[in-house]
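To start, the structure itself, in structure tokens.
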Amino acid sequence: MAEVRYEAASRIYPGSEIPAVDSLDLDIHDGELLVLVGPSGSGKSTALRMLAGLETVNKGSIYINDVDVTLKPPQDRDIAMVFQNYALYPSMTVAENMGFALKQSKVPKEERRRQVEEAARILDLTPYLDRKPKNLSGGQRQRVAMGRAIVRSPQVFLMDEPLSNLDAKLRVQTRAELADLQARLGVTMVYVTHDQVEAMTMGHRVAVLKDGILQQVDAPRTLYNSPKNRFVAGFIGSPAMNIVDVERIDGRLAIGSLPIELTADQTAAASSDDSTDLAVGVRPEHLTLANGGLDGEVSVVEALGSESFLHVRTQHQGEELVLVVREDGQSDITRGDNVSVSIIGPVHLFGGDGERLGD
Amino acid sequence: MSNAVVDRDTESRADEVKRLERREGWKRRIPILPALLFTIVVTQIPFLFTLFYSLTEWRLDTPEPREFIGLDNYTSLPDDKFFRDAAWISVQMTVMAVLFSLIVGTLLAILLDRKFFGQGFVRTLLITPFLVMPVVAGFMWKTQMFSATFGVINWVINLFGFESVEFATRYPLASVVVVLVWQWSPFMMLIVLAGLQGQDTSVLEAARVDGATTFGIFRQITFPQLRPFLELGTLLGAIYLIQVYDHIEVIVGGQPGAKNLPFYIAQRSIGGGNRFGLASAYSIVMVIAAIIIANIGLRVLSNLLKDDS
Amino acid sequence: MAVFTRAPKAEPILGQNRVVAHLLALLTWIIGLLFFFPLFWLTLNGFKEESVANSSPVLFFDPTLDRFSEVTESTTGLLSFTEAFGNSFWIVLISTVLVMALAVPAAYALAIRPMRKWRDVLFFFISTKFLPIVGAIMPLWIIARDLDLLGTRTVLVILYTAMNLPLAVWMLRSFFAEVPKELIEAAQIDGCSLIGQIRQVIMPIVAPGLAATALLCVIFAWNEFFLAVQLNPVGASTIPVWVNSQQKFQGQFLAGLSAASVLATLPVVLAGWIAQKRMIRGLAMGAIK
């Protein structure tokens with residue numbers, strides 16, 4: 000298996016000033032499942048395709064196992080890719096699809112068949128080996144695409160939103176299977192998705208991209224607990240973190256009438272930051288309904304059964320502010336109830352430029 | 000690991016990439032060059048020659064050499080009765096053929112855009128006229144339909160007590176137009192049918208829910224959507240129909256009543272008239288007219304192509 | 000997108016009333032049959048004796064195949080049917096092969112690995128169709144005469160290739176554009192060479208489109224008359240010229256001429272019937288997609 004390294008890699012489309020991927024520095028460890036996540040247009044697919052050799056690297060370099068592959072065509076990189084639409088060869092059977100790459104490498108027929116059957120066994124595709132893609136369901140096609148990649152035993156697996164075309168339930172199921180497969184095979188995998196839940200559940204580490212720039216790359220837990228900037232804080236976690244713009248009044252911060260307690264580290268960072276616009280972030284599970292807090296009215300109740308998320312309309316700095324609060328799933332609170340919101344967990348602080356201040 | 004590493008030391012990555020991209024650009028262009036060159040040499044260059052010929056007085060049947068006379072051929076055109084007649088016939092023929100085949104084609108498309116027994120078979124019947132060899136179509140209509148002696152149309156007319164009419168000689172222009180419409184309505188029908196079948200059913204259903212009548216729906220929703228297709232049909236039809244020759248040769252064989260420009264030009268030059276310079280001038284006038292039509296058409300086409308980005 | 004192979008949607012334009020629907024279907028049938036009638040009549044006449052054909056129209060008679068067999072034997076006129084058929088056959092075959100040989104790489108360059116200004120180039124090809132051929136016929140005739148090509152098959156092969164090339168490029172491009180880009184990328188990643196990609200991935204998908212395009216080129220080349228008669232009045236005449244020449248000689252031989260006409264136009268009509276769906280799709284997609 001292999002390590003992958005992006006060194007200041009950029010992709011600038013001809014005729015455009017703004018890079019689609021801007022000077023990306025990223026180290027991917029051997030055997031790691033690294034997820035590239037971000038909203039559409041963030042450059043995640045482009046970055047993946049740069050690794051595949053399907054996009055020109057205008058600046059910088061890409062290394063696989065310390066070998067500079069930047070100028071090498073896709074067929075020379077020893078990688079395998081699963082496309083969003085699977086890209087199965089319509090005129091070939093499942094077995095032929097999976098054996099295609101081996102055929103290109105002149106692997107003898109017997110050996111080819113053996114490897115294909117092995118991969119089919121792992122993916123439960125054995126009964127479908129003689130079918131053509133048009134006679135398969137979406138989930139089966141997805142597995143064939145996986146099988147095509149596995150059979151090659153490449154150095155790196157590239158996945159471009161492989162689950163987006165599956166229905167929700169199948170997606171969740173396949174997600175788990177994929178993660179399990181990766182762990183068992185121990186292969187290096189670079190996985191692109193726009194779904195942050197997918198990113199968090201699958202990735203050993205997650206790289207968040209926005210507008211072609213890497214925002215943060217860390218283990219999911221770290222991303223969740225210590226987002227480096229406002230964007231990451233708001234992107235990771237569902238429902239999203241409550242992020243509120245606050246003003247310093249007498250050196251203190253508050254949401255509405257609710258005072259904010261900062262850690263020593265945060266207070267120090269805040270005082271050295273000259274900007275007057277600060278932002279405070281609190282996750283829904285760190286808010287609770289308790290007397291003596293910020294008063295508000297419940298406008299929406301998202302009852303999930305295991306938990307409920309309440310949207311509470313409050314007043315902050317003279318304007319309406321909606322806070323999302325996590326409540327117990329069995330709670331009887333309904334729309335229109337008057338409640339009071341307090342903070343029971345850590346608070347994140349962001350400076351005027353969006354960067355994280357303190358811990 | 001040879002050249003790539005060494006070169007990287009001397010030129011920056013960006014330069015290297017630019018070099019590769021330029022080479023890639025050429026690799027992409029090469030496959031189309033044979034077709035492009037062939038087309039230019041065989042179809043475009045002759046036009047330049049025609050332009051040059053049009054500026055000369057050139058009779059192939061006399062020993063006098065070709066002499067350059069500038070724009071004299073063109074200035075003689077307004078007084079050239081035969082040219083004016085031929086041009087007017089061209090205009091009438093093209094306009095009528097395009098218009099009527101468009102109307103008939105649209106009606107056929109509307110009728111065909113539904114599910115009924117044998118729809119495929121009827122469609123096959125309807126497109127056949129377009130496939131028929133124009134010479135055969137001309138001959139067929141002239142002898143089997145229009146003929147005063149054994150034409151079917153006259154046989155029907157006789158049934159009603161009217162006298163037979165030799166259509167091809169009495170009404171040459173109309174006869175030719177009828178055959179053209181017969182052959183080109185299927186073409187228009189297919190284009191309009193594509194437009195009809197590309198409609199979004201949910202939009203039509205929403206209109207019904209909103210209480211629109213059948214005709215109302217057609218007028219306000221379907222027809223506006225059909226416009227680009229109608230324009231395309233008109234354009235392609237005009238481009239082809241302005242060049243009609245086969246039918247005229249077969250049906251009326253040079254009778255004055257239906258000689259259009261292409262026919263007259265061919266007659267005036269290769270067909271024995273031998274006045275190559277003058278005929279070339281006629282051609283250029285026709286080419287200019289075609290270019291004007293084409294420009295309108297290219298705009299229509301570019302709108303259609305723009306949707307494919 | 001619009002494909003006639005799909006059954007029309009449930010919501011026709013004209014009314015949903017059952018009776019109206021049936022009436023309209025009947026009307027459509029009648030119009031269809033009327034449209035086809037001239038051809039039907041022509042074919043019918045081909046089976047008649049000359050005496051029967053040369054009088055008032057009759058529907059019922061004793062059919063005979065004599066006229067059809069006479070066509071192939073006929074030697075009146077300067078050219079025989081079989082000769083003309085042979086000329087047409089070879090000219091159409093070779094020019095279509097040439098067209099495809101030129102148009103396939105062109106379509107590749109416009110659709111799969113598009114060159115930078117592919118739209119402009121496509122425009123250019125289409126625009127060459129817009130100029131009337133009559134505007135070029137004189138130089139072409141002169142050049143053909145000077146190169147001693149008048150009355151040969153070669154000159155028509157060259158010109159028919161040029162005539163059909165824009166159409167072929169237009170249609171093939173739209174068929175090639177249907178190949179999903181990812182499929183080719185997958186083949187690249189799987190280690191497939193360029194030739195391999197074309198042969199194993201692209202061709203299976205575009206093969207029907209290639210056939211449809213070739214068929215359309217055959218139709219137009221087979222039916223072409225103007226160039227054939229201007230450049231080849233005698234020597235290597237094609238079927239259309241032959242048909243036209245016959246009617247000048249044989250005013251009274253209606254049945255024979257009908258039989259000959261049917262044979263002349265039959266190959267193309269059959270080809271069109273067989274491939275109609277795909278040809279329509281190729282043309283439509285080129286314009287509408």
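Residue numbers (numbering that gives the first Met the number 0), protein chains in the order written: chain Y, 0 to 358; chain P, 0 to 308; chain W, 0 to 288. For each residue, glycine too, the CB sits at the ideal point set by N, CA and C.
Secondary structure note for Phe214 (chain P): its alpha helix (DSSP H) is the uninterrupted segment Thr213 to Ile216. Using a CB distance cut-off of 8 Å, Glu184 (chain W) counts as an interface residue toward chain Y. Out of P:Tyr281, P:Gly296 and P:Ser146, the CA that lies nearest to the CA of Phe228 (chain P) is found in P:Gly296. In this structure, the CA atom of Asp112 (chain P) is about 21 Å from the CA atom of Val208 (chain P). Closest by C-alpha distance to Phe115 (chain P), out of W:Val96, W:Glu69 and W:Arg17, is W:Arg17. The DSSP assignment places complete beta strand (DSSP E) segments of no fewer than 3 residues inside the stretch 241-286 of chain Y at 241-246 and 276-281, in order along the chain.
Within the stretch 156-229 of chain Y, the runs of beta strand (DSSP E) at least 3 residues long that lie entirely inside it are, in chain order, 187-192, 204-209 and 212-217. From the beta-carbon of Thr264 (chain W), the residues of chain P found nearer than 7 Å are Val131, Met132 and Val135. Thr45 (chain Y) is outside the set of residues whose beta carbon lies under 8 Å from a beta carbon in chain P.
Taking 8 Å as the cut-off, the Cβ atoms of Val36 (chain Y) and His193 (chain Y) count as close.
The C-beta of Thr200 (chain P) has fewer than 16 other C-beta atoms within 10 Å across all chains shown, which makes the residue exposed. With a cutoff of 8 Å on beta-carbon distance, Glu248 (chain P) and Asn243 (chain W) are scored as near each other.
In the DSSP assignment, Asn337 (chain Y) is bridged to Y:Glu296. Each residue's CA atom was taken as its position, placing Ile204 (chain W) and Ala110 (chain W) some 14 Å apart. By the rule that beta-carbons nearer than 8 Å mark a contact, Val41 (chain P) touches chain W. Given a length threshold of 4 residues, each whole run of the alpha helix (DSSP H) inside the stretch 203-241 of chain W is given here in chain order: 225-230. Annotated as proximal: Gly276 (chain P) and Thr55 (chain P), with beta-carbon spacing under 8 Å. Trp221 (chain W) sits away from Leu78 (chain W), with the two beta carbons spaced by 8 Å or more. Short of 8 Å from the beta carbon of Trp140 (chain W), and not among the five residues preceding or following it, lie these beta carbons of its own chain, in chain order: Leu149, Gln229 and Leu230.
Its chain contains Arg312 as the residues whose beta carbon lies nearer than 7 Å to that of Glu319 (chain Y), once the 5 sequence neighbours on both sides are disregarded; these appear in chain order. Using a Cβ-Cβ cut-off of 8 Å, Ser192 (chain W) is close to nothing in chain P; its nearest Cβ partner there is about 14 Å away. A contact is defined here as three or more CB-CB pairs under 8 Å, and the stretch 56-69 of chain Y fails this definition with respect to the stretch 241-253 of chain Y.
The alpha-carbon separation between Val286 (chain P) and Pro131 (chain W) amounts to approximately 6 Å. Here the C-alpha atom of Glu82 (chain W) lies approximately 8 Å from the C-alpha atom of Thr237 (chain W). In terms of beta-carbon proximity, Pro207 (chain W) stays away from the interface with chain Y, with every pair separated by 8 Å or more. One alpha carbon belongs to Leu322 (chain Y), the other to Leu203 (chain P), and they sit about 43 Å apart. As computed with DSSP, Leu35 (chain Y) is found in a beta bridge with Y:Val191 and Y:Ala206.
Rounded to the nearest whole angstrom, the CA to CA distance from Trp169 (chain W) to Asp119 (chain W) is 13 Å.
For Val98 (chain W), the uninterrupted alpha helix (DSSP H) run begins and ends at Phe80 to Ala110, by DSSP. Straight through space, the alpha carbons of Arg115 (chain W) and Pro128 (chain P) are spaced by roughly 40 Å. Around Thr55 (chain Y), the beta-carbon contacts reaching into chain P at under 9 Å are Val16, Leu19, Glu20 and Glu23. One finds nothing in chain P with a Cβ atom closer than 9 Å to the Cβ of Gln187 (chain W); even the nearest lies about 14 Å away. Under the three-pair Cβ rule at 8 Å, the stretch 96-110 of chain P counts as touching the stretch 175-192 of chain P. Contact annotation: Glu2 (chain Y) and Asp24 (chain Y) have beta-carbon atoms that are not nearer than 8 Å. His246 (chain P) carries a helical assignment under DSSP once its states are collapsed to helix, strand and coil. If you look at Leu164 (chain W), you'll find it in the alpha helix (DSSP H) that goes Arg152 to Phe175.
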